[in-house]
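Participant: Quick one: the structure is below, and I'll ask about it shortly.
2 protein chains.
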Amino acid sequence: MNAMPHTPTVREPRRDAQRNRAYILDAARQAFLNEGVEVSMDAIAKKAGVGAGTLYRHFPNKDALLAALLDLHHATLDEQRTMIEAEERNSGQALERWIDALGDWMLAYHGLPEPLRAACKVESALTPTCLDVIATTETFLQAAQNDGFARSTLQGRDIYLGALAIAWASGITTADQRIRTVLRDMLKDGWSAHGANSGY
Amino acid sequence: MNAMPHTPTVREPRRDAQRNRAYILDAARQAFLNEGVEVSMDAIAKKAGVGAGTLYRHFPNKDALLAALLDLHHATLDEQRTMIEAEERNSGQALERWIDALGDWMLAYHGLPEPLRAACKVESALTPTCLDVIATTETFLQAAQNDGFARSTLQGRDIYLGALAIAWASGITTADQRIRTVLRDMLKDGWSAHGANSGY
DNA sequence: CCAAATACGGAGAGCATCTCCGTTATTCAA
DNA sequence: TTGAATAACGGAGATGCTCTCCGTATTTGG
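Spelled out as structure tokens, the structure:
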């Protein structure tokens, strides 16, 4: 049974399915960009011109939709990683730049930190992406640690959560960049090994 | 018109109203403690043995209910403030202890950081409490700044948001205290003026 | 004890997520 | 080209949440 030469059991998705998937991704990207991740799935379906059932068949929940979109952003993030690795000779500054890139990625859409945090708590469609980003953070961190630029007690996940926390807190305002800068600097002087912990 | 001698227009709330208010507060406290702030208002009403209408008449929304409960916790926080001020001669350590107390307060219930952050964004029933806490933070911070223990560019609100951010991130796990400690230490080496910013 | 004032409670409006299934579009072998 | 077989569509509706409205019940003060 099933003695087909090639294309064993998999088939291309139907045309209308491919079209709709593209429509949905596009509508979702715009919606998340304009309204933030709290926008309703129904609104996305309507914007995409499909029924709710179609939306949910393609993406079983909002996290899955976000994950699909973030994977696109993830490509950009990976480019940045490559650029940093190529350009930056100082591992401390490389880590600093990576954390900045991380912050931008986490704020790609309003409210994104919340689902990212949830993905750390319980398995979700976003979990693989998160783990990947954490792994990269770990790499940068270890390099910085080896060169004495970062505290040796930290783990990649700690840095990731710290960056996530300040991204979340920065979300209280859209226009004012000050709070984000300030918090980022606070985080930096946490990981920067410079004069830390000379102790009371 | 209205020529009454004393108790001009105000009257004690009716007995049943007082009773119900107490029931609601008690039920809410337990519910928030056991299930976190995401617990539904209906569940609280049911637990309190009152109808939804009664619940909402006493507290127009969940933030108002939280604010009423937090004001109780706020008394404890104020005690700690007094204790710290009495016991701690070093303003840097005083700030550190205050931030710890702040962290406990922010984690009084699961998920509390979220409404606290929202109260920074837009006016809510929680806003006055938040402003009060921020003002106290400002006081501790300024003392520490005067003694050179904290970076002079920071404001009380920055510290508050930093503490809130790490409280939020700590919520990914209940049991494991490590992440909270680590993040708190990162925050500390942000505000501690020690060897920060010797610069690349 | 009665009338006025106050508070109660739950049905239901409005909005969200997500499912179910009768209908429709697409594919592919004949 | 055609006509099953397959795959996908779409929207009504189940469920759960916040919050309102208003007919009913309780409390209060004279």
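These protein sequence lines map, in sequence, to chains V and P.
According to my numbering, the first sequence is numbered sequentially starting from 413.
According to my numbering, the second sequence is numbered sequentially starting from 413.
No residue lacks a Cβ here, since even glycine has one placed at the ideal position from N, Cα and C.
Nothing here was measured: the structure is a model prediction, and the numbers come from that model.
(1) Suppose the cutoff is 8 Å on Cβ atoms and the five residues either side in sequence are ignored; what does the same chain contact list for ALA547 (chain V) look like?
(2) I need the straight-line Cα distance from TYR521 (chain P) to ARG431 (chain V), nearest angstrom please.
(3) Here's the rule: buried if 16 or more other CB atoms are within 10 angstroms of the residue's CB, otherwise exposed. What is MET598 (chain V)?
(4) Can you say whether VAL534 (chain V) is buried or exposed, counting buried as having 16 or more other CB atoms within 10 angstroms of its CB?
(5) Run through DSSP, which three-state label would ALA537 (chain V) get?
(6) Using a 10 Å radius around the Cβ and a threshold of 16 neighbouring Cβ atoms, would you call GLN557 (chain P) buried or exposed?
(7) Less than 7 Å between C-beta atoms, sequence neighbours within five positions excluded: which residues of the same chain meet that for ALA440 (chain V)?
(8) Can you tell me whether ALA555 (chain V) is helix, strand or coil according to DSSP?
(9) Excluding the 5 residues flanking ARG592 (chain P) on each side, which residues of the same chain have their C-beta closer than 6 Å to its C-beta?
(10) For MET518 (chain P), I'd like the list of residues in its chain whose CB is within less than 7 Å of its CB, leaving aside the five on either flank, ordered along the chain.
(11) Do ASP475 (chain V) and SER536 (chain V) have their CB atoms nearer than 7 Å?
(12) Going by CA-CA distance only, name the one from P:ARG433, P:ALA530, P:ASP570, P:ASP516 that's closest to GLN492 (chain P).
(13) Within its chain, find whatever has a CB closer than 7 Å to the CB of GLU508 (chain V); leave out the 5 residues flanking it on each side and keep chain order.
(14) The alpha helix (DSSP H) spanning GLU508 (chain P) covers which residue range?
(15) Just to confirm the assignment, what range does the alpha helix (DSSP H) spanning GLN430 (chain P) have?
(16) If the criterion is Cβ atoms closer than 7 Å, does the pair ILE496 (chain P) and ALA506 (chain P) meet it?
(17) Name the chain P residues that come within less than 7 Å of ILE584 (chain V), Cβ to Cβ?
(18) Leaving out five residues before and five after ALA460 (chain P) in sequence, what residues of the same chain have Cβ atoms less than 6 Å from its Cβ?
(19) Could you work out which residues of chain V lie near GLY574 (chain P), taking near to mean beta carbons separated by less than 8 Å?
(20) Put ALA457 (chain P) into one of helix, strand or coil per three-state DSSP.
(21) Under a three-way DSSP split, which group does ALA530 (chain P) fall into?
(22) Quick check: what's the CA-CA separation for PRO540 (chain V) versus ALA498 (chain V)?
(23) Give a yes or no on whether the minimum CB-CB distance between ASP601 (chain V) and chain P is below 7 Å.
(24) So, with DSSP's three-state summary, where would you put PRO472 (chain V)?
(25) Is there at least one Cβ from chain V nearer than 7 Å to ASP570 (chain P)'s Cβ?
(26) Buried or exposed: which applies to VAL462 (chain P), given that a residue is buried once 16 or more other Cβ atoms fall within 10 Å of its Cβ?
(27) First and last residue of the alpha helix (DSSP H) that includes LEU573 (chain P)?
(28) Do you know offhand how far ASP544 (chain V)'s Cα is from ALA513 (chain V)'s?
(29) According to DSSP, is THR593 (chain P) part of a helix, a strand, or is it coil?
(30) Taking buried to mean at least 16 other C-beta atoms within 10 Å of its own C-beta, is VAL422 (chain P) buried or exposed?
(31) Is the distance from the Cβ of ILE584 (chain P) to the Cβ of CYS532 (chain V) below 7 Å?
(32) Taking C-beta pairs closer than 9 Å, name the residues in chain P that ILE591 (chain V) reaches, listed in chain order.
(33) DSSP three-state call for VAL545 (chain P): helix, strand or coil?
Facilitator: Inspection of the coordinates gives the following:
(1) GLY568
(2) 46 Å
(3) buried
(4) exposed
(5) coil
(6) buried
(7) ILE456, LEU477, LEU481
(8) helix
(9) SER582
(10) LEU524, PRO525, LEU528, ALA575, LEU576, ALA579
(11) yes
(12) P:ASP516
(13) LYS600
(14) 503 to 518
(15) 427 to 447
(16) yes
(17) ARG529, CYS532, LYS533
(18) TYR435, ILE436, ALA439
(19) ILE578, ALA581, LEU595, MET598
(20) helix
(21) helix
(22) 26 Å
(23) yes
(24) coil
(25) yes
(26) buried
(27) 568 to 582
(28) 14 Å
(29) helix
(30) exposed
(31) yes
(32) ARG569, ASP570, LEU573
(33) helix
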